[in-house]
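The block underneath contains the structure these notes are about, expressed in structure tokens.
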Amino acid sequence: MTQDSPDQRTQQAETDRETAVDPMVGEGLLDEEMGPSSSMAHLYRGEIHRMKFWRERLDRTTNWAVVVISALLTWSFSSPDTPHYVILIGIATLTVFLVVEARRYRGYDIWRTRARSLQQNVFAKGLDPDIELTNRDWRSELAEDYRRPTLKITTEEAIAHRLRRIYLPLFGLLLVAWAVRITAFATDSWLATARVGAVPGSTVALFVAVFYAGALFVAFRPRTWHARGELRFEDLRK
Numbered sequence: 001m002t003q004d005s006p007d008q009r010t011q012q013a014e015t016d017r018e019t020a021v022d023p024m025v026g027e028g029l030l031d032e033e034m035g036p037s038s039s040m041a042h043l044y045r046g047e048i049h050r051m052k053f054w055r056e057r058l059d060r061t062t063n064w065a066v067v068v069i070s071a072l073l074t075w076s077f078s079s080p081d082t083p084h085y086v087i088l089i090g091i092a093t094l095t096v097f098l099v100v101e102a103r104r105y106r107g108y109d110i111w112r113t114r115a116r117s118l119q120q121n122v123f124a125k126g127l128d129p130d131i132e133l134t135n136r137d138w139r140s141e142l143a144e145d146y147r148r149p150t151l152k153i154t155t156e157e158a159i160a161h162r163l164r165r166i167y168l169p170l171f172g173l174l175l176v177a178w179a180v181r182i183t184a185f186a187t188d189s190w191l192a193t194a195r196v197g198a199v200p201g202s203t204v205a206l207f208v209a210v211f212y213a214g215a216l217f218v219a220f221r222p223r224t225w226h227a228r229g230e231l232r233f234e235d236l237r238k
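Its first residue numbered 1, the sequence shown is counted upward by one per residue in UniProt numbering.
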């Protein structure tokens with residue numbers, strides 16, 4: 001029977017240590033009795049950092065949307081010969097930005113939800129111990145979210161948020177610009193001016209009306225909001 005050399009035994013011990021699973025790892029690290037411990041502070045700081053990073057991504061999308069729309073409006077009113085459908089192209093472009101920003105907003109909401117959970121259940125409770133926790137299962141829910149991160153809101157809710165905050169005014173500006181473009185610079189009736197190629201003006205106007213009606217419906221229809229931390233209600237804005 002051969003005996004392992006010291007180097008082999010050392011290597012085997014290191015391998016055993018690397019592959020061993022300690023079931024007690026992390027236990028007590030974030031106990032309620034510890035309050036906002038250093039580990040909790042680092043966890044919170046990390047969530048705030050990721051939330052800030054995704055917030056900046058949202059802002060970059062909005063900035064590009066404003067820049068592109070400004071350029072298209074400037075071009076459309078630079079000459080009477082510029083076709084009015086340039087503004088319709090702007091509406092389509094803004095819709096693309098809206099969809100992209102809604103996807104980023106869903107990612108941003110993951111980190112904001114975690115940060116809000118820590119603020120409500122750890123730091124608020126630490127500042128005022130008399131506060132009653134509204135959700136006593138927040139620790140298990142947060143732990144499960146760290147194990148399996150999931151999106152908290154639907155694409156439709158994310159679109160509604162961005163429409164209310166940013167994109168409805170931009171869409172409204174484009175609608176007014178388009179209406180002015182097909183009336184103020186028109187020699188025929190506005191329906192005739194609204195024609196795009198072989199598409200009659202009435203069809204174009206109907207499409208625009210349906211699009212804006214759909215945007216208003218998505219933005220303001222009654223729903224249960226799942227995004228946390230939004231200042232949607234007047235009493236929170238005082």
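Glycine included, every Cβ here is placed at the ideal spot set by N, Cα and C.
S202 and A194 have their alpha carbons spaced roughly 8 angstroms apart.
Of all alpha-carbon atoms in E144, S39, T95, the one lying nearest the alpha-carbon of L174 is that of T95. Residue pairing by DSSP puts V199 in a beta bridge opposite V196. In this structure, the alpha-carbon of F171 lies about 11 angstroms from that of A65. Secondary structure at P80: coil, using DSSP grouped into helix, strand and coil. Across the structure, D188 and L151 are spaced so that their CA atoms are roughly 51 angstroms apart. The three-state reading of DSSP puts R106 in helix, counting H, G and I together. According to the DSSP assignment, L142 belongs to the alpha helix (DSSP H) that extends over 138 to 147.
For L151, there is no enclosing alpha helix (DSSP H), since its DSSP letter is neither H nor E. Following the DSSP letters along the chain, one finds R181 inside the alpha helix (DSSP H) bounded by residues 168 to 184. Distances from the CA of A143 to each of L127, T113, T74 were compared; the closest alpha carbon is that of T113. Going by beta carbons, V218 and E156 fall inside the 8 angstroms limit. Of all C-beta pairs linking the stretch 97 to 108 to the stretch 44 to 62, three or more are shorter than 8 angstroms, placing the two stretches in contact. The three-state secondary structure of N63, taken from DSSP, is helix. Non-local beta-carbon contacts of G90 in its own chain, meaning distances under 6 angstroms to residues more than five positions away in sequence, involve I69, L72, L174 in chain order.
Put simply, of T74, Q119, N135 the residue whose alpha carbon is nearest the alpha carbon of D128 is Q119. As the crow flies, the alpha-carbon of L163 is around 28 angstroms from that of D145. Closest in alpha carbon position to R136, among R147, N121, S39, G126, is N121. Sequence-distant Cβ neighbours of L88 in its own chain, meaning closer than 8 angstroms and more than five residues away, are W178, V196, V204, V208. Taking a C-beta distance under 8 angstroms as the contact criterion, I182 and A102 do not qualify as a contact pair. Take the alpha-carbon of F97 and the one of H161: they are about 14 angstroms apart. DSSP, reduced to helix, strand and coil, places E101 within a helical segment of the structure shown. For A227, no alpha helix (DSSP H) segment is defined, and its DSSP state is neither H nor E. CA-CA distance, S76 to V210, rounds to 23 angstroms.
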